[in-house]
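Below: the structure, in structure tokens.
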Amino acid sequence: MKPSTYYSWLQNSQKRDCSTRRHPDTILPEERAAVIDYALKHPDIRHRVLTWRMIDDNAVCLSTSSVYKILKGAGLICAWKPKEKRIKRSLEIPSKPDERWQSDIGHIDIYARKYYLITFIDEHSRYVTHNELMTSLDGNSVSLAAERALSTLDDKAKPVIQTDNGSG
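Laid out in structure tokens, this is it:
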């Protein structure tokens, strides 16, 4: 760069007051007042819908994030009510063996033949109560496997059998 170019740039930058220049995306005070006024007239509308309504009504044309910033600064954004927390599964843990069983089915490929392993696990003790290797996976074979698993118990115990319904 030639020294004359540098010094001409330096001289021009000192002539202009850069602090008074406004960025093209700056929110004007009139726009800020219009957003607050519109929001006060429509208190039941959230900022996203409010933005598009103001554009449709030719009140103000701003982005949703700008409207959000204005409303947040004016204290007009109400916080969303948080979702109620789901009851943790730890409260549902069985207190004794044979109260609830989990079942899981996995497939095993051996020499291009598919086998299905169904396992029943006691949720309290994490003990494998029953497992079977099956050649077909239909409702009848799974029901029979569950019946055979339940037949190993005495008549008093009737566990609830739960499944995760597969991975997808």
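For reference, each letter of the sequence shown is one residue, going 1 to 168 in UniProt numbering. Where a beta carbon is used, it is the ideal one built from N, C-alpha and C, also for glycine.
Residue i vs residue j beta-carbon contact at 8 Å
i	j	result
L50	A39	yes
L137	Y111	no
E31	L71	no
H124	K96	yes
L153	D98	yes
M134	A145	yes
Per DSSP, the bridge partner or partners of residue i
i	result
S103	F120, T163
Inter-residue spacing [alpha-carbon to alpha-carbon] between residue i and residue j
i	j	result
I27	W80	26 Å
D155	E147	13 Å
V35	V60	7 Å
A74	H42	15 Å
D57	K85	40 Å
R142	E132	In the sequence as presented, Arg is not what sits at residue 142; that position holds Val. Looking at the two C-alpha atoms, the distance is approximately 10 Å.
Cβ distance (whole Å) where residue i is taken to contact residue j below 8 Å
i	j	result
I93	H47	About 43 Å separates the two Cβ atoms, so there is no contact after all.
I118	Q102	Rounded, the Cβ-Cβ distance is 11 Å, inconsistent with contact.
Proximity test, residue i beta-carbon vs the ligand ATP heavy atom, cut-off 7 Å
i	result
R53	As presented, the structure is devoid of all ligands, the ligand ATP included, so that no description of it is given.
Worksheet item: Which ranges does the alpha helix (DSSP H) cover as unbroken runs of at least 4 residues, wholly within the region 121-151, from first to last along the chain?
Response: Within the region 121-151, the alpha helix (DSSP H) runs of at least 4 residues that lie entirely inside it are, in chain order, 139-151.
Discussion item. As an exercise, report each continuous alpha helix (DSSP H) stretch of at least 4 residues that is fully enclosed by the region 32-118, in chain order.
Written reply: Here the runs fully enclosed are 47-56, 64-73.
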